[in-house]
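Under my numbering, residues 15 to 300 are what the sequence shown spells out, in order. C-beta: ideal position from N, C-alpha, C; glycine also. Computed from a predicted model, the values in this text were never measured in an experiment. Please read the structure below before turning to the comments.
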Amino acid sequence: MTLDRRAELGEFLRSRRARLNPADVGLPDYGGRRRVPGLRREELALLAGVSVDHYVRLEQGRALQFSEEVLDAVARTLKLDPTEREHLYRLARPGQSQVYQGTGKREPQWVRPGLQRLLESTTDVPAYIVGLGTDVLAWNGLTVALMTDFETLAPHERNLAWLVCHDEGFRALFADPVGKMADIAAYLRLDLGRHPEDPALGTLIGQLCRNPDFAQVWARHDVRDKTHGSYTYRNPVVGEITLEYEAFRAPDDPDQALILHTVPEGSPSEAALRLLAAWTATARVG
15 MTLDRRAELG EFLRSRRARL NPADVGLPDY GGRRRVPGLR REELALLAGV
65 SVDHYVRLEQ GRALQFSEEV LDAVARTLKL DPTEREHLYR LARPGQSQVY
115 QGTGKREPQW VRPGLQRLLE STTDVPAYIV GLGTDVLAWN GLTVALMTDF
165 ETLAPHERNL AWLVCHDEGF RALFADPVGK MADIAAYLRL DLGRHPEDPA
215 LGTLIGQLCR NPDFAQVWAR HDVRDKTHGS YTYRNPVVGE ITLEYEAFRA
265 PDDPDQALIL HTVPEGSPSE AALRLLAAWT ATARVG
């Protein structure tokens with residue numbers, strides 16, 4: 015599976031149109047049932063200040079040489095966030111993006127020694143390094159206690175998307191497993207936009223889409239970057255714990271990110287995290 019840019023561009027734009035109502039963009043709603051959800055093509059073209067034919071050619075992928083002005087106008091009308099806007103540009107102007115150029119097997123991902131040492135020095139909060147396609151490349155002891163011992167997994171299983179689709183125990187760690195799956199699908203779509211010809215990434219997504227739940231969230235065409243947020247975990251040792259996370263991308267490799275979890279001072283989750291750290295230390299000594 016590789017990315018068909020024209021098909022992806024059209025589906026992405028249609029999905030963004032579908033989430034907007036006329037009232038969202040200042041158009042009168044005359045009532046009645048619409049044949050399709052969201053804005054019509056004609057309405058979007060009018061608001062963006064482009065001809066209907068020009069917008070239709072964009073959505074149908076009949077040309078991939080659209081000006082920045084047109085793309086900016088469409089993005090503004092569709093209320094795209096910065097990540098979605100970047101994704102639109104990658105799809106509509108492929109010559110402007112850096113994509114995987116190989117034709118064979120992708121080189122293995124590896125973590126720079128300095129980044130590995132930084133991870134190993136982080137001992138009081140869960141931390142791990144995630145790479146292209148949500149591969150988990152490195153992790154610390156608290157991540158093992160919070161999630162799973164990645165060392166015991168087969169190499170192809172050390173992947174967040176694979177685990178949330180195929181491992182019921184891993185999926186049960188999240189209070190909102192459907193939300194976690196939707197987030198992962200959105201991260202993967204961002205990766206696919208950056209590397210449309212990557213064979214391993216295409217194979218992974220094809221396998222994941224055999225899972226009906228994943229296929230459903232994949233069809234939404236959401237795209238997000240992993241920057242910061244929070245998840246509530248159901249840990250077998252300490253019970254329910256809500257952890258915030260911050261993602262730091264490697265300057266020389268934007269496909270890798272160091273994920274650090276934090277907890278608000280004085281919160282019940284801080285006490286739970288301390289208990290988990292103490293349990294981890296005791297288990298390591300034992």
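Item to complete: Would you kindly work out how many angstroms separate the C-alpha atoms of ARG172 and ARG55, rounded to a whole number?
Response: Stepping through the sequence shown from its first residue, residue 172 is reached at position 158. Stepping through the sequence shown from its first residue, residue 55 is reached at position 41. CA-to-CA, the gap between ARG172 and ARG55 works out to about 42 angstroms.
Practice prompt. Grab the span of the beta strand (DSSP E) containing PRO191 for me, first residue to last.
Written response: Here the question's residue 191 lines up with position 177 in the sequence shown. Looking at the DSSP string, PRO191 is not in any beta strand (DSSP E); the run it does join, the alpha helix (DSSP H), is 191-208.
Worksheet item: Can you tell which of ASP18, ALA87, THR294, VAL144 has its C-alpha closest to the C-alpha of ALA159?
Response: Indexing the sequence shown from 1 puts residue 159 at position 145. Taking ALA159 as reference, the option from ASP18, ALA87, THR294, VAL144 with the minimal CA-CA separation is THR294.
Item to complete: Give the straight-line distance between the Cα atoms of ALA37 and ALA106, rounded to the nearest whole angstrom.
Response: As a working mapping, residue 37 is identified with position 23 in the sequence shown. As a working mapping, residue 106 is identified with position 92 in the sequence shown. In this structure, the alpha-carbon of ALA37 lies about 27 angstroms from that of ALA106.
Worksheet item: When burial is assigned at 16 or more other CB atoms within 10 Å of the CB, is GLY147 buried or exposed?
Response: Reading the sequence shown from its first residue, position 133 is the one you call residue 147. By the 10 Å Cβ count, GLY147 comes out buried.
Discussion item. Which residue marks the beginning of the beta strand (DSSP E) containing PRO268, and which one marks its end?
Written reply: The count along the sequence shown starts at 1 and reaches residue 268 at position 254. Residues 267-276.
Worksheet item: In angstroms, rounded to a whole number, what distance separates the CA positions of LEU187 and THR246?
Response: If you number the sequence shown from 1, residue 187 lands on position 173. If you number the sequence shown from 1, residue 246 lands on position 232. One C-alpha to the other measures close to 8 angstroms.
Item to complete: Kindly give me the distance between the Cβ atoms of VAL277 and LEU287, rounded to whole angstroms, as I take these residues to be in contact under 8 angstroms.
Response: The residue labelled residue 277 in the question sits at position 263 within the sequence shown. The residue labelled residue 287 in the question sits at position 273 within the sequence shown. Confirmed, about 5 angstroms.
Worksheet entry | Own chain residues within Cβ distance below 6 angstroms of ARG30, not counting five before or after | Stepping through the sequence shown from its first residue, residue 30 is reached at position 16. Here the set comprises LEU92.
Fill in: Residue nearest to ARG131 in terms of C-alpha spacing, selected from PHE184, HIS170, ILE143, GLN123
Residue numbering aside, residue 131 sits at position 117 when the sequence shown is read from its first letter. When the alpha-carbon of ARG131 is set against those of PHE184, HIS170, ILE143, GLN123, the nearest one is in ILE143.
Worksheet item: Which residue or residues does DSSP assign as beta-bridge partners of GLY253?
Response: As a working mapping, residue 253 is identified with position 239 in the sequence shown. Among the bridge pairs identified by DSSP, GLY253 is matched with ASN249.
Discussion item. Short of 7 angstroms in beta carbon distance, which residues of its chain neighbour ILE198, apart from the five on each side in sequence? Order them along the chain.
Written reply: Residue mapping note: residue 198 aligns to position 184 of the sequence shown, counting from 1. Excluding positions up to five away in sequence, the list reads THR148, LEU174, ALA175, VAL178.
Practice prompt. Specify, as a first and last residue, the run of the alpha helix (DSSP H) that VAL178 falls within.
Written response: Locating residue 178 in the sequence shown gives position 164, counting from the first residue. Where VAL178 is concerned, the enclosing alpha helix (DSSP H) stretches over 174-180.
Worksheet item: LEU167 by DSSP, collapsed to three states: which one?
Response: In the sequence shown, the residue the question calls residue 167 occupies position 153. If DSSP states are grouped into helix, strand and coil, LEU167 belongs with coil.
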